[in-house]
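Take a look at the structure set out below.
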Amino acid sequence: GEDVEQSLFLSVREGDSSVINCTYTDSSSTYLYWYKQEPGAGLQLLTYIFSNMDMKQDQRLTVLLNKKDKHLSLRIADTQTGDSAIYFCAADSWGKLQFGAGTQVVVTP
Amino acid sequence: ETGVTQTPRHLVMGMTNKKSLKCEQHLGHNAMYWYKQSAKKPLELMFVYNFKEQTENNSVPSRFSPECPNSSHLFLHLHTLQPEDSALYLCASSQTLGLAGGQDTGELFFGEGSRLTVL
Chain A
15 GEDVEQSLFL SVREGDSSVI NCTYTDSSST YLYWYKQEPG AGLQLLTYIF SNMDMKQDQR
75 LTVLLNKKDK HLSLRIADTQ TGDSAIYFCA ADSWGKLQFG AGTQVVVTP
Chain B
-7 ETGVTQTPRH LVMGMTNKKS LKCEQHLGHN AMYWYKQSAK KPLELMFVYN FKEQTENNSV
53 PSRFSPECPN SSHLFLHLHT LQPEDSALYL CASSQTLGLA GGQDTGELFF GEGSRLTVL
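In order, the protein sequence lines correspond to chains A and B.
With the first sequence counted from 1, adding 14 to any position gets you the working numbering.
Counted from 1, the second sequence has number 56 at position 64 by the working numbering; the numbering is strictly sequential.
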């Protein structure tokens, strides 16, 4: 399997919460990241979590890390149309970032 | 000036053409990267440069040739490409290679990408 895996698509209604899940393989990863890619743009860091934490909250974003299961999730509260984008999970591995394939989030009215 | 600038944004080329992609970063970073983004596939690291020296070639075919004349500029020279090379090519930079600790979180700063179509 891939080093970082995530589902490819998520549809959510405006105002609902979105949850994007990710699994990774390298248990020595120090930082786990979520990047956002809007249409026609490059990736931009959304948030990150250090591996000794199990949760990080930043306004509407909540990152949960289960280090034992190597599972990372991103929750977006009160999802807005501007949240429509591709979200990439990434884990640092031997000094490099390993990215997933990205989850396309579509927000419907 | 934006942080990482890529040109051209779109490129269409035949299999026998020679073209180049250009990346420039205005962030004072020391490491630069080329990534390939294809639909439904993980972002694929192609090349890494640190202080102008290539530190990684991720088994990339020789029809892709990188060049890093200084820490601010990175090129990807393209020659005799195949249709399956059509993708979005992303350039990125970071303060250091890997995680240096302290304030460095290893964040990558990406350009907007060059959309390549090989006919």
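All C-beta atoms, glycine included, are put in the ideal place defined by N, C-alpha and C.
- The C-alpha of A:Gly29 is placed about 46 Å away from the C-alpha of B:Pro53.
- Contact annotation: B:Asn22 and B:Phe43 have beta-carbon atoms nearer than 8 Å.
- The three-state reading of DSSP puts B:Glu48 in strand, counting E and B together.
- When the Cα atoms are used, A:Lys70 and B:Ser63 turn out to be separated by approximately 34 Å.
- Look at A:Asp72 here: in three-state DSSP terms it is strand.
- Close to A:Leu59, with beta-carbon spacing below 7 Å, are these residues of chain B in chain order: Glu99.
- The beta carbon of B:His71 lies closer than 6 Å to those of Lys10, Arg55 in the same chain, with the five residues before and after it left out.
- At a cut-off of 8 Å, the C-beta of B:Glu16 has no neighbouring C-beta in chain A.
- Look at A:Thr44 here: in three-state DSSP terms it is coil, with no helix or strand label.
- DSSP links A:Phe102 through a beta bridge to A:Tyr49.
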